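Down below is the structure, laid out as structure tokens.
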Amino acid sequence: RAQIQHAWNKVARDAGAAGIEFVNEVDDEEVPPGINVLFPYLERGYLLVSDIGVAETNPLVGCRCDAMAGCDDAEASQCSCQAETEGGSAYTPQGLFKFNTDSEIIECNNYCECPPKCSNRVVQFPRRIPVHIFKTDKRGWGARVPVNLVRGRVIGIYTGRREEANKLDGSRASYCFDLDINEGPDEEPPENMYSVDAYGCNWTRFINHSCSPNLQIISVVYDTAPQDNLPYLAFVATQNIPAFTELTFDYNPAHQTEWELRTYKEKTRAKKSKAKKQTRCLCGTSQCRGWLSVIA
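Note that the sequence shown ends on residue 296 in UniProt numbering; no numbers are left out.
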């Protein structure tokens, strides 16, 4: 454990991020299954598969906002970065997500004239919050932080191996996310469609599912054009979270509204019937849907 923790902390420190600690107060398991000294920890960014054909040809456009003051939320329509984000700036001056958009967030980039402290630069900065990867009582290993979190605080980004989505088979689809945020429900999938799995990941790999989560994923771009479909997936607190509380997000958020509209009888029936490619949910919340869809 000490060797792996030291190696992961060196990577985090080199990226300017806060520390990571493995904690097990349940049994004698040293680290999570599948994690060893050869596992490539990646605090930020993606590992690129050698044969991936990424055509990142769309140019980045920078804003010309005040080089001292940064991008003003009151003048969001005048900022070439914020104008593409529904509802204006996605963040408060304190760097908290406003929950004012479901669309992809476009942060300022290296071509922008605003300063590094601009309020539209949040996800692109290193993680400032220390993390515990800890053994839970009933759900394997999970993630938590030893400090209080306020609603809207971005705590980290998902990392891993980025591949063309059509080349990702079931054997490599562990902890996998599709980077198809711009694809609407009635639209054809884009040619340049990618997925990221958790090989070469960071601590976010250990965030467990809950049907009543305290985190939400937001899609953010800052070093590629939105048309390239290569966003980063960031985790943000949806409520005030006390220190040492397990962090969770909904692995199947599309099912949440449908579940809430069901009657008690339908809920009971759903808990008793197991569909294909599903596993029993262990979140234990009052909103538990009973089953969790997984990749078979």
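Here a beta-carbon is modelled for each residue, glycine too, at the ideal position from N, C-alpha and C. From a predicted model like this one, the values you see are computed outputs, not experimental measurements.
Pick from the options: whose alpha carbon is nearest that of residue i?
i      : options                        : result
Tyr91  : Cys118, Tyr111, Glu113         : Cys118
Leu149 : Ala243, Leu292, Ala17          : Ala243
Trp203 : Ser89, Ile35, Ile106           : Ile35
Val147 : Arg161, Glu163, Tyr158, Ala237 : Ala237
Arg162 : Gly95, Leu48, Ser219, Cys71    : Leu48
Gly160 : Ala143, Asp197, Arg144         : Asp197
Asp250 : Ala225, Gln227, Asn240, Leu282 : Leu282
Arg121 : Glu25, Cys211, Ala7, Gly70     : Gly70
Ala234 : Cys201, Ser293, Ile155, Gly200 : Ile155
Cys112 : Phe97, Met68, Tyr46            : Met68
Ile20  : Tyr232, Leu42, Gly284          : Leu42
When you compare only the Cα positions, how much space is there between residue i and residue j?
i      : j      : result
Asp223 : Leu230 : 9 Å
Lys265 : Pro213 : Because the pLDDT of Lys265 is 39, which lies under 50, any placement of that residue in the model is unreliable, and the number read from its coordinates should be weighed accordingly. Taking the straight line from one Cα to the other gives about 24 Å.
Ile217 : Thr136 : 22 Å
Ser195 : Phe177 : 6 Å
Cys108 : Glu29  : 43 Å
Pro40  : Lys10  : 12 Å
Trp291 : Ala17  : 35 Å
Val131 : Ile105 : 25 Å
Lys138 : Asn58  : 46 Å
Pro116 : Asp66  : 12 Å
Gln94  : Cys201 : 28 Å
Ala15  : Val145 : 19 Å
Ile129 : Arg153 : 10 Å
Phe97  : Trp8   : 28 Å
Ser293 : Ser219 : 22 Å
Arg13  : Leu38  : 18 Å
Thr279 : Leu247 : 20 Å
His209 : Asn252 : 9 Å
Gln3   : Cys81  : 43 Å
Cys114 : Arg151 : 26 Å
Tyr232 : Tyr158 : 7 Å
Tyr199 : Tyr46  : 10 Å
Gly284 : Thr245 : 15 Å
Below 7 Å CB to CB, which residues in the same chain sit around residue i once its five sequence neighbours on both sides are set aside?
i      : result
Phe22  : Arg1, Gln5, Val31, Ile133
Leu261 : Bear in mind that the predicted position of Leu261 carries a pLDDT of just 39, short of 50, making it unreliable; the figure below should be weighed with that in mind. Taken in chain order, the list of residues that qualify is empty.
Cys79  : Cys63, Cys65, Cys71
Within the continuous alpha helix (DSSP H) that includes residue i, where are the two ends?
i     : result
Lys10 : 2-14
From the beta carbon of residue i, is the nearest beta carbon of chain C less than 7 Å away?
i      : result
Arg139 : No chain C appears in the structure shown, which is made up of a single protein chain.
On the CB-based measure, 16 or more other CB atoms within 10 Å of its CB, does residue i come out buried or exposed?
i      : result
Arg64  : exposed
Val221 : buried
Asp228 : buried
Gln239 : exposed
Ala143 : buried
Gln124 : buried
Ser286 : exposed
Asp102 : exposed
Measuring from the CB of residue i, is there a heavy atom of the ligand SAM at a distance below 6 Å?
i      : result
Pro116 : By its list of ligands, the structure shown contains no ligand whatsoever, and the ligand SAM lies outside what it can speak to.
Between which two residues does the beta strand (DSSP E) holding residue i run?
i      : result
Ala234 : 232-237
Ile20  : 20-23
Gln227 : Segment: none, Gln227 is in no beta strand (DSSP E) and carries neither H nor E.
Phe134 : 131-135
Val221 : 215-221
Quick one: residues in its chain with C-beta nearer than 8 Å to the C-beta of residue i, no 5 flanking neighbours on either side, listed in chain order?
i      : result
Phe206 : Pro32, Ile133, Trp141, Gly142, Ala143
Leu60  : Asn109, Asn110, Tyr111, Asp223, Thr224, Ala225
Val26  : Lys135, Thr136, Asp137
Which residues in the same chain as residue i place their Cβ atom closer than 6 Å to its Cβ, once the five residues preceding and following it in sequence are excluded?
i      : result
Asn24  : Lys135
Arg44  : Ala15
Arg127 : Ala17, Ala18, Gly156
Ile241 : Leu149, Asn214
Cys288 : Cys211, Cys281
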